[in-house]
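Undergrad: Have a look at this one.
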Amino acid sequence: MTHRIFVVIAIVLFGIVFGSVATSYTEQHSLRPLAEGYVKLVPQKLGAPNVITGILLTYRAFDTLGEVAVLFMVGAGVVLVLSAGRRPRAAAHSPEDPRPSSEIVQTGAQVLSPLVAIFAAYIIMNGHLSAGGGFQGGAVIASCVLLVLLAYPQYQLNIEFLSITESVAGALFVLAGIAGLILAGGFLDNRILPLGQFGAFFSAGAIPVLSILLGVKVGCELSVILDGFRPEPVGQKDKV
Amino acid sequence: MMEMIGSILVLLGAVFHFSAGLGMLRMPDAYTRMQAGTKASTLGNTLVLAGLAFYHPSWSLKLLIIVYFVLMTNPISSHALARAAYSIRIPLAGNTGIDALRDEQQDLRSET
Chain A
1 MTHRIFVVIA
11 IVLFGIVFGS
21 VATSYTEQHS
31 LRPLAEGYVK
41 LVPQKLGAPN
51 VITGILLTYR
61 AFDTLGEVAV
71 LFMVGAGVVL
81 VLSAGRRPRA
91 AAHSPEDPRP
101 SSEIVQTGAQ
111 VLSPLVAIFA
121 AYIIMNGHLS
131 AGGGFQGGAV
141 IASCVLLVLL
151 AYPQYQLNIE
161 FLSITESVAG
171 ALFVLAGIAG
181 LILAGGFLDN
191 RILPLGQFGA
201 FFSAGAIPVL
211 SILLGVKVGC
221 ELSVILDGFR
231 PEPVGQKDKV
Chain B
1 MMEMIGSILV
11 LLGAVFHFSA
21 GLGMLRMPDA
31 YTRMQAGTKA
41 STLGNTLVLA
51 GLAFYHPSWS
61 LKLLIIVYFV
71 LMTNPISSHA
81 LARAAYSIRI
91 PLAGNTGIDA
101 LRDEQQDLRS
111 ET
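Taken in sequence, the protein lines are chains A and B.
With the working numbering applied, the first sequence covers 1 to 240.
With the working numbering applied, the second sequence covers 1 to 112.
Written out as structure tokens, the structure is:
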């Protein structure tokens, strides 16, 4: 009985909190000064129709670099923790090979993974024009990798290649930032390349290039994390 | 007129989605629930997107691609889920008559 009273009290309190939020909400009809500044500045100065990508890859590009670094550390941590825990277990159990996936799943992965990859490239390349960008496209790349890993459990990702690609992309990202410091207004300024025609596919200076680098980097990082979650391949040492 | 047809298609799709939800609640075991969810929601999605195509004819190609994607992914994913459920021996409903996968596996075993 007391339990039920507490539940009722909790529901009433939640109702008061959310109700006050809902009743006090008023729709804003004008932008705040900061947002207004960005909305005017990004199309004018950066030549990017998508304001958010303009902010993420130029005005707040340093934060984006930090986010990528955080993602890198997450990947390294996940792989470290998972690989530390799984070796002894695999040795103790000696389980059978992972069950092969059915023919339907394999065929589906063969048909779908190119489509997913094309979609990822579309998201990355249109980041400065419409919703999308490097992070989102990189996540779609990783989902393509996940599809392949699900359909072919024996498939070995080339981790070294992924790590090197990721490092090169990160280094090029920083180099582009330094080029902005020398040639244009500051670190990661997109005006190191010509702005081009507003709204065209090749426009907005270095933003598409930075998007591609970011997409490659995020895709590789997430793929390495996904690979870390797989069980240790059994009998791999004997086969190779 | 176009908007009327589009609205009817979207409503029809919503009916199928509703039946998918109903099937999830009312079906006796994991496999029948899965098939209710898959079949009805695939058709529901297709109908809703077809209705949208009547509203915005210029979106038709993109909507067609989405329909293709849904038609590809939805059955495959639920097939994989059902197979995984079978392989960890989630029980069938009591009144299931035919277990084709078990029969096939027995045939395979008796051949080898």
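Backbone N, C-alpha and C define an ideal beta-carbon position, used for all residues, glycine too.
Predicted model only: the values in this text are computed from it and were never measured.
1) How would you write the range of the alpha helix (DSSP H) that residue 226/A sits in, first residue to last?
2) How long is the line joining the alpha carbons of residue 153/A and residue 141/A, rounded to whole angstroms?
3) Assuming the contact rule is C-beta atoms closer than 8 Å, residue 38/B and residue 74/B should be a hit. Round their C-beta distance to whole Å, please.
4) Within 10 angstroms of its Cβ, does residue 70/A collect 16 or more other Cβ (buried), or is it exposed?
5) Taking only beta-carbon atoms, is residue 38/B less than 8 Å away from chain A?
6) Can you look up residue 195/A in the DSSP assignment and give me helix, strand or coil?
7) The alpha helix (DSSP H) that contains residue 54/B, what's its start and end?
8) Which residues of the segment 50-77 of chain B have a Cβ closer than 9 Å to any Cβ of chain A? Give them in chain order.
9) Please confirm whether residue 205/A and residue 225/A have their CB atoms less than 8 Å apart.
10) Return no unless some Cβ of chain A is closer than 8 Å to the Cβ of residue 83/B.
11) Among the residues of its own chain, which have a CB less than 8 Å from the CB of residue 180/A, if the five just before and after it don't count?
12) How far does the alpha helix (DSSP H) with residue 8/B in it reach, from first residue to last?
13) Give the straight-line distance between the Cα atoms of residue 12/A and residue 63/B, rounded to the nearest whole angstrom.
14) Under DSSP, the alpha helix (DSSP H) around residue 106/B begins and ends at which residues?
15) Per the contact definition of three or more C-beta pairs closer than 8 Å, is the segment 76-94 of chain B in contact with the segment 114-132 of chain A?
16) Please list, in chain order, the chain B residues whose beta carbon lies closer than 9 Å to that of residue 108/A.
17) Between the alpha carbons of residue 13/B and residue 40/A, how many angstroms are there, rounded?
18) Go through the segment 13-90 of chain A residue by residue and report every complete run of the alpha helix (DSSP H) that reaches 4 residues or more, in order.
19) Judging by CA-CA distance, which residue of 202/A, 217/A, 115/A is the nearest neighbour of residue 243/A?
20) May I ask you to list, following chain order, the residues of the segment 107-134 of chain A that have a beta carbon less than 8 Å from some beta carbon of chain B?
21) Residue 16/B: which of 42/B, 50/B, 31/B sits nearest, CA to CA?
TA: Let me spell this out:
1) In the first sequence, residue 226/A corresponds to position 226, counting from 1. Element bounds for residue 226/A: 207-228.
2) As a working note, residue 153/A is residue 153 in the first sequence. As a working note, residue 141/A is residue 141 in the first sequence. Between the alpha carbons of residue 153/A and residue 141/A lies a gap of roughly 18 Å.
3) Within the second sequence, the letter at position 38 stands for residue 38/B. Within the second sequence, the letter at position 74 stands for residue 74/B. The pair is a contact, with the Cβ atoms about 6 Å apart (cut-off 8 Å).
4) As a working mapping, residue 70/A is identified with position 70 in the first sequence. With fewer than 16 neighbouring CB atoms inside 10 Å of its own CB, residue 70/A falls in the exposed class.
5) In the second sequence, the residue the question calls residue 38/B occupies position 38. Not one beta carbon of chain A lies nearer than 8 Å to the beta carbon of residue 38/B.
6) Taking the first residue of the first sequence as position 1, residue 195/A is located at position 195. The answer is coil: DSSP assigns residue 195/A none of H, G, I, E or B.
7) Position 54 of the second sequence, counted from the first residue, corresponds to residue 54/B. Where residue 54/B is concerned, the enclosing alpha helix (DSSP H) starts and stops at 30-55.
8) Cβ contacts with chain A come from 65, 68, 69, 72, 73, 75, 76, 77.
9) Your numbering for residue 205/A matches position 205 in the first sequence. Your numbering for residue 225/A matches position 225 in the first sequence. No; because the gap between Cβ atoms is not below 8 Å, this pair is not in contact.
10) In the second sequence, the residue the question calls residue 83/B occupies position 83. Closer than 8 Å to the CB of residue 83/B there is at least one CB belonging to chain A.
11) Counting from one through the first sequence, the residue named residue 180/A turns up at place 180. Excluding positions up to five away in sequence, the list reads 186, 187, 188, 189, 190, 191, 192, 206.
12) Taking the second sequence and counting its residues from 1, the one referred to as residue 8/B is at position 8. Note, residue 8/B: alpha helix (DSSP H), 2-26.
13) Your numbering for residue 12/A matches position 12 in the first sequence. Your numbering for residue 63/B matches position 63 in the second sequence. Rounded to the nearest angstrom, the two C-alpha atoms are 44 Å apart.
14) Position 106 of the second sequence, counted from the start, is the residue given in the question as residue 106/B. 100-111 is the extent of the alpha helix (DSSP H) around residue 106/B.
15) As far as the Cβ criterion goes, the segment 114-132 of chain A does not touch the segment 76-94 of chain B, which means the pair count is below three.
16) Against the first sequence, residue 108/A aligns to sequence position 108. In chain order: 72, 73, 75, 76, 77, 79, 80.
17) Along the second sequence, read from residue 1 onward, the residue named residue 13/B stands at position 13. Along the first sequence, read from residue 1 onward, the residue named residue 40/A stands at position 40. It is roughly 42 Å from the alpha-carbon of residue 13/B to the alpha-carbon of residue 40/A.
18) Within the segment 13-90 of chain A, the complete alpha helix (DSSP H) runs of at least 4 residues are 33-41, 51-54.
19) Residue 243/A lies beyond the residue range present for chain A, which begins at 1 and ends at 240; the question has no answer from this structure.
20) From the segment 107-134 of chain A, only 108, 111, 112, 115 have a Cβ closer than 8 Å to chain B.
21) The residue labelled residue 16/B in the question sits at position 16 within the second sequence. Taking each of 42/B, 50/B, 31/B in turn and checking the Cα distance to residue 16/B, the smallest one comes out for 42/B.
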